[in-house]
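Asks:
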Amino acid sequence: VIDVNELNVGTCVDSIEQIQTVCETSNERERYRSILEREMGLLTLQSLLSCSNERVVSSSLACLGSLMQNTFSFREDFKAFDRLVSILSDDTATLQCRSNSPDYATSVTILKRALTLATVLCTKCEPNKNSFLRAKAVYQRTKMNTPPTSGDAPGGSAVLLQNLSTWLLTPPAASNDNMASDVILGHCCNLVASLCKYDDFRAESSSANETASMFYRAGIVPLLMNGNTNDDTGNRRSVCAVAFQDSYEGIELQISAMAAVRALCVNDDIVQSFVAGGVLELVAKVLKETASLLPTNEAGTVSTCDTSTPTAKQQEEARSRKRLLSITLGVIRNLCGNDTIKTNLCQD
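Using the numbering used here, the first residue of the sequence shown is number 2, and each one after it goes up by one.
Structure (C-alpha cells):
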C-alpha cells in the first residue's frame, strides 16, 4: 500500500503522464511499452490505484486505460480488479454532485476513467470479464490500506448496477451535472455491453449468456428501459427514457443504451421484459428518425445523388447515426428469436 505522504504528488503525476505520452505517440512507442512491461511498470501503475491522492489515482487510471486500449497483451496482465471495483463503489462523486461541491469534477473524472478502464479490460478478454465480476469492493477509497474484514463486500456486477441506479435517480442540482451524470450512465452501459458480449474467440467457452441472465435477475431491465418517457414529475425513469426524450441533444447515450440492450437480449424471458418496457416502440422510433434524415428526391424516395458537401460536424453526426442504426438492427435481430415479435415488427 502506497502512503501518499511519501510521494511527491506533482512529480508522480508528471511521470505517469509522460509514460502515457511516450507509449501513445512516440515513434518508439513499441520499445517504450516493452521497457514498461519488462521493468514491472504495469504492476507499479496498478499499485498506484491504492493511493489515497485523487490526482495520482486519476492519472494512473487514464494511463492504464490508454495502455490497455493500445496493447492487447497488457490486458491479461491486469490483476488489480479489487482495487478497480473499490474505486467504482465509491460514492464521493454523487455526494459531491448532490451538494453542488466545487470539487465534484475530480471525483466524476475518476469514476469515468475507472469505467473506461474496466470496459477496455473486459473487451475481447474472457478471463477479465470473469475477474471483474468476481472482484469485491474490499477497499475504502480513502483508506485503501484498511480493507474491511466482512465478507459481504459488493462484487463487480452489484457495484455496476448501483452506479446505474444512483446516477439515474440523481440528477444532481447543479445545472452542469446532468451532462456528467449522462456520460457516466453511458459508460456504465458500455461496460454492461462488454461484459455480456461474446467477443473473445480465443476462449473455448463464454459466460456471456450467464452474465446477461445474472444482470436480468438482478433487475437491470427496468433501469435501462421502463417506459420511454420520464414520469409526470420529471424523474428519470430509465436510461432510455433519458436518452430518447425529444428534447435530448446528443447521440452517444442512445448508442450506449442500445448496445447494452442488444447484448442483454439472450433469451426469451429477457426479450419479453424489454418488450414490456417499450423496446419495440423505441426501435421503431430510431428507424423512423434515421429514415427522415436520408436525402429524398421529388418523388419522395431516397436519393443517392446528393452532391452537397457535408461539414465536419455533419459527417460526425452521420457516423454516429450509422452506429446507432447498426446497433438497433442488432437489437431487432436478437428480438426476432420470438416469432410473435417478428410479426409485430413487420406490422409496425
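Even glycine gets a Cβ: it sits at the ideal position worked out from N, Cα and C. No experiment lies behind these values; they were computed from the predicted model shown.
1) With DSSP as the reference, label Lys198 as helix, strand or coil.
2) Is it the case that the Cβ atoms of Leu37 and Arg114 are separated by a distance below 9 Å?
3) With respect to the alpha helix (DSSP H) encompassing Thr341, which residues constitute its N-terminal and C-terminal limits?
4) Could you tell me whether the Cβ atoms of Val86 and Gly156 are closer together than 9 Å?
5) Quick check on Gln21: does DSSP put it in helix, strand or coil?
6) Suppose you measure from the CA of Ser16 to the CA of Arg334; what does that come to, to the nearest Å?
7) What's the call for Ala300, buried or exposed, on a 16-neighbour Cβ count within 10 Å?
8) If you draw a straight line from the C-alpha of Val2 to the C-alpha of Gly66, how long is it?
9) Check whether the region 285-292 touches the region 237-244, counting contact only when three or more Cβ pairs, one atom from each stretch, lie closer than 8 Å.
10) Does DSSP put Lys113 in a helix, in a strand, or in coil?
11) Using 9 Å as the threshold, is the C-beta distance between Asp183 and Leu254 below it?
12) Tell me which same chain residues have a C-beta within less than 6 Å of the C-beta of Val193, skipping the five on either side of it?
13) Whole angstroms are fine: how far does the CA of Asp83 sit from the CA of Ala136?
14) Where does Gly187 sit, in a helix, a strand or coil, going by DSSP?
15) Out of curiosity, what's the CA-to-CA distance linking Ser274 and Asn129?
16) Leaving aside the five residues before and after Lys198 along the sequence, list all residues of the same chain whose C-beta is less than 7 Å from its C-beta, in chain order.
17) For a cutoff of 9 Å on Cβ pairs, would you count Leu192 as touching chain B?
18) For Arg39 and Val109, what's the separation of their Cα atoms in angstroms?
19) Given a threshold of 16 other Cβ atoms within 10 Å of its Cβ, counted over all protein chains shown, does Cys91 qualify as buried or as exposed?
20) Note down the Cα distance separating Ile88 from Ser53, rounded to an integer number of angstroms.
21) Here's the rule: buried if 16 or more other CB atoms are within 10 angstroms of the residue's CB, otherwise exposed. What is Leu170?
22) Given a cut-off of 9 Å on the beta-carbon distance, is the pair Ser158 and Thr107 in contact?
23) Assuming the contact rule is C-beta atoms closer than 8 Å, Ser195 and Cys123 should be a hit. Round their C-beta distance to whole Å, please.
Replies: Reading from the atomic positions:
1) As a position in the sequence shown, residue 198 is number 197, starting the count at 1. If DSSP states are grouped into helix, strand and coil, Lys198 belongs with coil.
2) Here residue 37 corresponds to residue number 36 of the sequence shown, with the count starting at 1. Here residue 114 corresponds to residue number 113 of the sequence shown, with the count starting at 1. Against a cut-off of 9 Å, the Cβ pair of Arg114 and Leu37 comes out as no contact.
3) Here residue 341 refers to the residue found at position 340 of the sequence shown. Run containing Thr341: 340-348, per the alpha helix (DSSP H) assignment.
4) As a working mapping, residue 86 is identified with position 85 in the sequence shown. As a working mapping, residue 156 is identified with position 155 in the sequence shown. In this structure, Gly156 lies closer than 9 Å to Val86 by Cβ.
5) In the sequence shown, residue 21 corresponds to position 20, counting from 1. Helix.
6) If you number the sequence shown from 1, residue 16 lands on position 15. If you number the sequence shown from 1, residue 334 lands on position 333. Their Cα atoms are separated by approximately 47 Å.
7) Translated into positions along the sequence shown, residue 300 becomes position 299. Confidence at Ala300 is low in this model, with a pLDDT of 49, below 50, so its placement is unreliable and the value that follows should be read with caution. Ala300 is exposed by the Cβ-count criterion.
8) Reading the sequence shown from its first residue, position 1 is the one you call residue 2. Reading the sequence shown from its first residue, position 65 is the one you call residue 66. Only weak support is given to the placement of Val2: the predicted model assigns it a pLDDT of 42, under 50, and the question is left unresolved by the model.
9) no
10) The count along the sequence shown starts at 1 and reaches residue 113 at position 112. Helix.
11) The residue you call residue 183 lines up with position 182 of the sequence shown. The residue you call residue 254 lines up with position 253 of the sequence shown. Yes, the pair counts as a contact, with Cβ atoms nearer than the cut-off.
12) The sequence position of residue 193 within the sequence shown is 192, counting from 1. Around Val193: Ala261.
13) Position 135 of the sequence shown, counting from 1, holds the residue named residue 136. Position 82 of the sequence shown, counting from 1, holds the residue named residue 83. Going by the C-alpha atoms only, they are around 5 Å apart.
14) The residue labelled residue 187 in the question sits at position 186 within the sequence shown. In the structure shown, Gly187 sits in a helix (DSSP, three-state: H, G or I).
15) Counting from 1 along the sequence shown, the entry for residue 274 is found at position 273. Counting from 1 along the sequence shown, the entry for residue 129 is found at position 128. Answer to the nearest angstrom: the Cα atoms are 28 Å apart.
16) Here residue 198 corresponds to residue number 197 of the sequence shown, with the count starting at 1. So the qualifying residues of the chain are Ala209, Ala264.
17) Absence of chain B from the displayed structure is noted, only one protein chain being present.
18) Counted from its first residue, the sequence shown places residue 39 at position 38. Counted from its first residue, the sequence shown places residue 109 at position 108. Arg39 and Val109: Cα-Cα distance of roughly 33 Å.
19) Numbered from its first residue, the sequence shown carries residue 91 at position 90. Correcting the residue type first, residue 91 is Asp in the shown sequence and not Cys. Asp91 should be labelled buried.
20) If you number the sequence shown from 1, residue 88 lands on position 87. If you number the sequence shown from 1, residue 53 lands on position 52. Each residue's Cα considered, the two are about 11 Å apart.
21) Position 169 of the sequence shown, counted from the start, is the residue given in the question as residue 170. Counting Cβ neighbours within 10 Å, Leu170 comes out exposed, since fewer than 16 surround it.
22) As a position in the sequence shown, residue 158 is number 157, starting the count at 1. As a position in the sequence shown, residue 107 is number 106, starting the count at 1. Cβ atoms of Ser158 and Thr107: not closer than 9 Å.
23) Residue mapping note: residue 195 aligns to position 194 of the sequence shown, counting from 1. Residue mapping note: residue 123 aligns to position 122 of the sequence shown, counting from 1. Between Cys123 and Ser195 the Cβ distance is about 4 Å, and since that is below 8 Å, they are a contact.
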